[in-house]
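**Student:**
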Amino acid sequence: MTATETAHPTRAAEVVTDEAGFAALAPAWERLYGRCAAATPFQSHAWLHSWWQSYGRPGRLRLLLVRRGGELVAAAPLMLVRRPVPALVPLGGAISDYADVLLDDADDGPAALALTSALADAARTALIDFREVRPGAAVQRIYDRWPGPRRTVAGSLCLELPAVPMDGLMARLSSNKAQQRVRAKLRKLQSLGVERHTVGPQEVDAALGRLLELHQLQWQDRKVTTEHLQPRFRAHLVRAVGPMVRAGNAAVTEFRIDGEVVAVDLTLLSRSLTGGYLYGAHPSLRARKADVAVMLLDACTEHASGRGTLSLLRGDEPYKHHWRPEPVPNRRLLLARRRTAALLTAARFDAAARQRGREALRGWKERRRC
Numbered sequence: 002m003t004a005t006e007t008a009h010p011t012r013a014a015e016v017v018t019d020e021a022g023f024a025a026l027a028p029a030w031e032r033l034y035g036r037c038a039a040a041t042p043f044q045s046h047a048w049l050h051s052w053w054q055s056y057g058r059p060g061r062l063r064l065l066l067v068r069r070g071g072e073l074v075a076a077a078p079l080m081l082v083r084r085p086v087p088a089l090v091p092l093g094g095a096i097s098d099y100a101d102v103l104l105d106d107a108d109d110g111p112a113a114l115a116l117t118s119a120l121a122d123a124a125r126t127a128l129i130d131f132r133e134v135r136p137g138a139a140v141q142r143i144y145d146r147w148p149g150p151r152r153t154v155a156g157s158l159c160l161e162l163p164a165v166p167m168d169g170l171m172a173r174l175s176s177n178k179a180q181q182r183v184r185a186k187l188r189k190l191q192s193l194g195v196e197r198h199t200v201g202p203q204e205v206d207a208a209l210g211r212l213l214e215l216h217q218l219q220w221q222d223r224k225v226t227t228e229h230l231q232p233r234f235r236a237h238l239v240r241a242v243g244p245m246v247r248a249g250n251a252a253v254t255e256f257r258i259d260g261e262v263v264a265v266d267l268t269l270l271s272r273s274l275t276g277g278y279l280y281g282a283h284p285s286l287r288a289r290k291a292d293v294a295v296m297l298l299d300a301c302t303e304h305a306s307g308r309g310t311l312s313l314l315r316g317d318e319p320y321k322h323h324w325r326p327e328p329v330p331n332r333r334l335l336l337a338r339r340r341t342a343a344l345l346t347a348a349r350f351d352a353a354a355r356q357r358g359r360e361a362l363r364g365w366k367e368r369r370r371c
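For what it's worth, the working numbering labels the leading residue of the sequence shown as 2, then goes sequentially.
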């Protein structure tokens, strides 16, 4: 393991920079993940290590770790980027909806202080740029303690529902008529003979293959997120999701009619939330007038019980608003030292320019529809 250590009165901080060291951290990382209530599935070791194998660049890995008596009590999974400014950014990239650090809830104060100190050392030469931070994230405790210049920038919008059974979600609808329509759609799914099957760990790889095939089929001749069709994304999912299913951090559900798989859904799980991440559905379902969104949400609610939030993840798509979700915007937290404050200003201008570009594109699309 390649590491450099930083002295601290009660905590030992280190920086891991090689993939073998990252892989070896799995048991300790997952124990810490289980002790951090704010953690989302995107902070699990299986997700992050697999992401690095697909998307990481040699020499760029920066895992800032804090231990107490040998046990991991804090971790910041980062990588070095050089454009548009030198910065340390969270692992997970664009295919992860939330970024964060891990902090042991039982050792919050000293662990957070030690991790803040380690990040401050790293910030001497690069901006610390936490993107897509959820409200209540563990990294907020770092931000609150930060000794140097810091800024908050708006991130992506996420939509959230309470983690309640389907009947509870229907009660949120605007009228009795709207509730009746959803019940009719559920009866339609029943009349079609749609059966749900939660996939076991040994079946995950094959089920994910079917999910991606159906996902490509459902978006045929329409605009699709092209990354979802790339071999590196497929490899990432196959590596990550099996261990996540075994650990209870993911669930894969197949939907069958007369024994034929017509849809597959991947839901990610943590103590704080349940999130429907990706699905694939055969176009014949819509031809049979099956409401795929209702089908998926009904299945997702079964996994959400006791998890606090049912997240619809990033995106402001109109179909999500049918359920009257709460808008919960992510944030981007920028941390610098005095000598790197200029990088903070440059990153803010870059973020503002991208936001203006997104707003202009959205306005153009709206005008085009008129």
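Note that CB positions come from ideal geometry on N, CA and C, so glycine has one too.
1) Counting beta carbon pairs with one atom in the stretch 239–250 and one in the stretch 173–182, are three or more of them shorter than 8 angstroms?
2) Where THR41 and SER192 are concerned, what is the direct C-alpha to C-alpha distance, given to the nearest angstrom?
3) On the CB-based measure, 16 or more other CB atoms within 10 Å of its CB, does SER306 come out buried or exposed?
4) Who are the Cβ neighbours of LEU128 in its own chain at under 8 angstroms, not counting the five residues just before and after it?
5) Quick check: the stretch 272–283 against the stretch 293–306, are at least 3 beta-carbon pairs closer than 8 angstroms?
6) Would you call the stretch 67–78 and the stretch 105–113 touching, i.e. three or more CB-CB distances under 8 angstroms?
7) What does ILE258 pair with, by DSSP beta-bridge criteria?
8) Assign HIS216 to one of two classes, buried (16 or more other C-beta atoms within 10 Å of its C-beta) or exposed (fewer than that).
9) Cα-Cα, which of ILE96, ARG142, ASP98 is closest to GLY110?
10) Around the C-beta of GLN44, are 16 or more other C-beta atoms found within 10 angstroms, so that it is buried, or is it exposed?
11) Along the alpha helix (DSSP H) that carries VAL1, what are the first and last residues, could you check?
12) Going by the CB atoms, is the gap between LEU279 and LEU270 shorter than 8 angstroms?
13) Short of 6 angstroms in beta carbon distance, which residues of its chain neighbour VAL263, apart from the five on each side in sequence? Order them along the chain.
14) Output yes or no for whether 8 angstroms exceeds the beta carbon distance between ALA294 and VAL253.
15) With DSSP run on the structure shown, which of helix, strand or coil describes GLU303?
**Tutor:** From the atom records:
1) Not touching, per the Cβ criterion.
2) Roughly 36 angstroms between the two C-alpha positions.
3) Looking at its Cβ environment, which holds fewer than 16 other Cβ atoms inside 10 Å, SER306 is exposed.
4) Within the same chain, LEU128 has close Cβ partners VAL86, PRO87, ALA88, LEU89, LEU335, LEU336, ALA337, THR341, LEU344, LEU345, ALA348.
5) Short answer: they touch.
6) Judged by pairs of C-beta atoms under 8 angstroms, the stretch 67–78 touches the stretch 105–113, as three or more such pairs exist.
7) Residue pairing for ILE258: DSSP places it in a beta bridge opposite GLU261.
8) With a 10 Å radius around the Cβ and a threshold of 16 neighbouring Cβ atoms, HIS216 comes out buried.
9) If you compare the alpha carbons of ILE96, ARG142, ASP98 with that of GLY110, the shortest gap goes to ARG142.
10) Classification for GLN44: buried.
11) Outside the shown range of the chain (2 to 371) lies residue 1, about which nothing can therefore be said.
12) Cβ distance not < 8 angstroms, so LEU270 and LEU279 don't count as in contact.
13) Cβ neighbours of VAL263 within its own chain (closer than 6 angstroms, five residues either side excluded): PHE256, HIS283, LEU286.
14) Against a cut-off of 8 angstroms, the Cβ pair of VAL253 and ALA294 comes out as no contact.
15) GLU303 sits in a helix when the DSSP states are folded into three classes.
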